[in-house]
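J.: Protein chains in written order, with numbering that gives the first Met the number 0: chain A, 0 to 195; chain B, 0 to 324.
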Amino acid sequence: MKHQEDLELCRALRAGDEHQFNQFFEHYFPRLYRFCLSRLKDDTLVEDIVQTTMIKATKAMNTYRGDASLFTWLCQICRNEINMHFRKEARSLPEVHAEDDAIRPILEMLEADASPEAELESARVSALIIEVLDFLPGNYGQALEWKYILGLSVTEIAERLETTELAAQSLLARARTSFRKALEQIAPHLNTAAQG
Amino acid sequence: MDKKESLSEEQIEQLLGRIGDIPQPPGDMRERVKNQVASAWRENMQEQQQKRQNYGLFAAAATITLAITVGWLMTSEPLPQPVIASLDSPLESVMTSTDGDRWQASANLEVQQGAYIKAMDTASLSLTNTLNIRMKPESVVYLSSTDEVRLISGEIYLDSYEKPKDESFRVITDFGIAEDIGTQFIVATSDTGWQIQVREGLVKVKDDATHIQLTESQRLNITATNSVNQTTLPAHHESWRWVENSRPVYDIEGESVDEYLQWVARETGRDLQYMSNEARESAKTTRLHGSITGMTASKSVQTVLPATNFELMPSRENVIIVIKR
């Protein structure tokens, strides 16, 4: 499956479209920032790596083929930059991907106690869920954030998206489906346990 | 709702409601990075436009100058890139490009250094140093030199059996480099990772996090999340089968039965064995005539051997056993 919208965006960037560049930056910079921040915890380093990633990406747009989403492609460049940084620093590589075990604590999160350990685990799980939101296609992650984290109404979401309430509702429904699928993929037992 | 069904909307709300604010980049950082990225992007755009303009100006100048003097044109035109490969498969099996963007049908069988090649069907090309590259449909490569190819997308097979052993060959992907030392191997890439599998010989695999040497029958998957998975795969495994369909032209005219069967064995990832020394010696001195154009190695055997005194014995999947009738 080709990611046509992402391919179109790349073509527009290669053609020098300033408006599309702004869209590209505003859409992907915060996501890459979070992707990098969850791995490095150092704002200065995060800034350097995200900046290098985006510069390299804009120069290599002609190599993006649309086989995966543009964000996945950007994350791969970002991972390479992070790996390169750690190699230069001669340090061990950080954990850069989520194992199934990493999300299992979500199961307990819904009934988490207030112990420091639980809070730490909860923070780790939160970071993972944020990453899932960032990886959702299109505006899905943003729509879920607006609805369930910021508590915006469907009307307000529709206004932000400059669309109708019906379209916003439809988008939210698709976003929830996409979110469920993403969680199911990284934590197959999540649904059963979370509802148990 | 069934307990095993997906999370309800309320549960999604509860889950997302507990993660707190989503971290946002500081405003000043956003400005700094945006300025830097925009500046690099515009600079890159300008360079690209300048190249296109230079090309246009050059073309115009060359046209005018051609009318004035051919001699001047000869000294001002950039030297053409050397031909470093030739196409073994039909012309229509590939499209070529000089920039990886604008594709055109291949005009001839010769391929120049610096060309992008897109396989429209299974395609095969041989470099001037005899290295053979076979491409799966939709794959795209950039021919850097006779020592290096960049795999932009898709899957390619490389066979370096006629290339001197001390000359290595590199396949560069977005994820890392596979470097062969006299071998047959496949490199495949996608936006989510890359894969290398070796049929024979040795391949060094390098990326930022991985340095591994693969030997025959080994396959390595490196995903976009940098997880590495190594498996074993027989040389005649079906994942190699497409390679046979994109074989280079093999001319049997005047070749010995032994040379021909060695080729078949190599093409199909099998070992060649003779039931007796007499059969081996006889195969070396028996010459073949004719053509197997259009046939895969496996199918050609059914046509070629009945015309000789040799036949194949039923055997294990990875071995071809030849007997003399």
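The beta carbon of each residue, even a glycine, is placed where N, CA and C say it ideally should be. Nothing here was measured: the structure is a model prediction, and the numbers come from that model.
In this structure, how does DSSP classify E243 (chain B) when only helix, strand and coil are distinguished?
T.: helix
J.: Figure out for me which residue from B:L157, B:G268, B:A104 has the closest Cα to the Cα of L90 (chain B).
T.: B:A104
J.: Measure from the alpha carbon of L170 (chain A) to the alpha carbon of each residue in A:R179, A:R13, A:S125, A:A142, then state which is nearest.
T.: A:A142
J.: Could you compute how far the alpha carbon of S314 (chain B) sits from the alpha carbon of I320 (chain B)?
T.: 7 Å
J.: Given a limit of 9 Å on CB to CB distance, which residues of the stretch 90-103 of chain B reach chain C?
T.: Considering every chain present, this structure includes no chain C. Its protein chains are A and B.
J.: Take the Cβ of T214 (chain B) as the centre, count every other Cβ of all protein chains shown within 10 Å, and call the residue buried at 16 or more, exposed below.
T.: exposed
J.: Specify the secondary structure class of G192 (chain B) as computed by DSSP and reduced to three states.
T.: In the displayed model, G192 (chain B) falls within a strand according to three-state DSSP.
J.: Spell out whether any CB of chain A is found under 9 Å from the CB atom of L14 (chain B).
T.: yes
J.: Counting only beta-carbon separations shorter than 9 Å, does L142 (chain B) have a partner in chain A?
T.: no
J.: So for L157 (chain B), helix, strand or coil by DSSP?
T.: strand
J.: Is R86 (chain A) helix, strand or coil by DSSP?
T.: Per DSSP, reduced to three states, the secondary structure at R86 (chain A) is helical.
J.: Quick one: give me the first and last residue of the beta strand (DSSP E) that A84 (chain B) is part of.
T.: Run containing A84 (chain B): 82-86, per the beta strand (DSSP E) assignment.
J.: Is S159 (chain B) close to the ligand SAH? I mean its beta-carbon at under 8 Å from any heavy atom of the ligand.
T.: This structure lacks the ligand SAH; in fact it carries no ligand of any kind.
J.: Taking beta-carbon pairs under 8 Å, can you tell me which members of the stretch 156-174 of chain A lie near chain B?
T.: none
J.: Find the nearest neighbour of L287 (chain B) within the set B:E252, B:M274, B:Q112, B:E154, judged by alpha-carbon distance.
T.: B:E252
J.: Looking only at C-alpha atoms, which of B:D250, B:A282, B:D20 sits nearest to S125 (chain A)?
T.: B:D20
J.: So with Cβ pairs under 9 Å, would you call V256 (chain B) a contact of chain A?
T.: no
J.: Is the beta carbon of Q19 (chain A) closer than 9 Å to that of A11 (chain A)?
T.: Yes, these two residues count as a Cβ contact at 9 Å.
J.: What residues in its chain sit with their C-beta under 8 Å from that of A296 (chain B), if we drop five residues either side in the sequence?
T.: E243, R246, Y249, W262, V263, E266, T267
J.: Where does E107 (chain A) fall in DSSP's three states?
T.: Confidence in E107 (chain A) is poor, its pLDDT being 44 and thus under 50, which makes the residue's placement too unreliable to answer from.
J.: So with Cβ pairs under 9 Å, would you call L39 (chain A) a contact of chain B?
T.: no
J.: Within a Cβ cutoff of 8 Å, which residues of the same chain sit near Q212 (chain B), ignoring the five residues on either side of it in sequence?
T.: Correct list, in chain order: L201, V202, K203, V204.
J.: Would you mind reading off the limits of the alpha helix (DSSP H) that contains Y139 (chain A)?
T.: 139-143
J.: Return helix, strand or coil for E94 (chain A), following the three-state DSSP convention.
T.: Low per-residue confidence applies at E94 (chain A): pLDDT is 42, beneath 50, and the placement is therefore not dependable enough to give any value.
J.: For Q196 (chain B), does the count of other Cβ atoms within 10 angstroms reach 16, so buried, or fall short, so exposed?
T.: buried
J.: Give the residues of chain A in contact with E8 (chain B), contact being defined as C-beta atoms less than 7 Å apart.
T.: What E8 (chain B) touches in chain A: R175.
J.: Report the three-state DSSP secondary structure of Y32 (chain A) (helix, strand or coil).
T.: helix
J.: Please compile the residues from chain A whose C-beta is within a distance smaller than 7 Å of the C-beta of G19 (chain B).
T.: What G19 (chain B) touches in chain A: S125.
J.: State the CB to CB distance for the pair S189 (chain B) and D66 (chain A), rounded to an integer number of angstroms; the pair is presumed to be in contact (CB under 8 Å).
T.: At roughly 5 Å, the Cβ-Cβ gap stays under 8 Å, so S189 (chain B) and D66 (chain A) are in contact.
J.: Here's a check: name, in chain order, each residue in its chain whose Cβ is nearer than 7 Å to the Cβ of M60 (chain A), leaving out the five neighbours to either side.
T.: Excluding residues within five positions, the ones whose Cβ falls inside 7 Å are C9, L12, R13.
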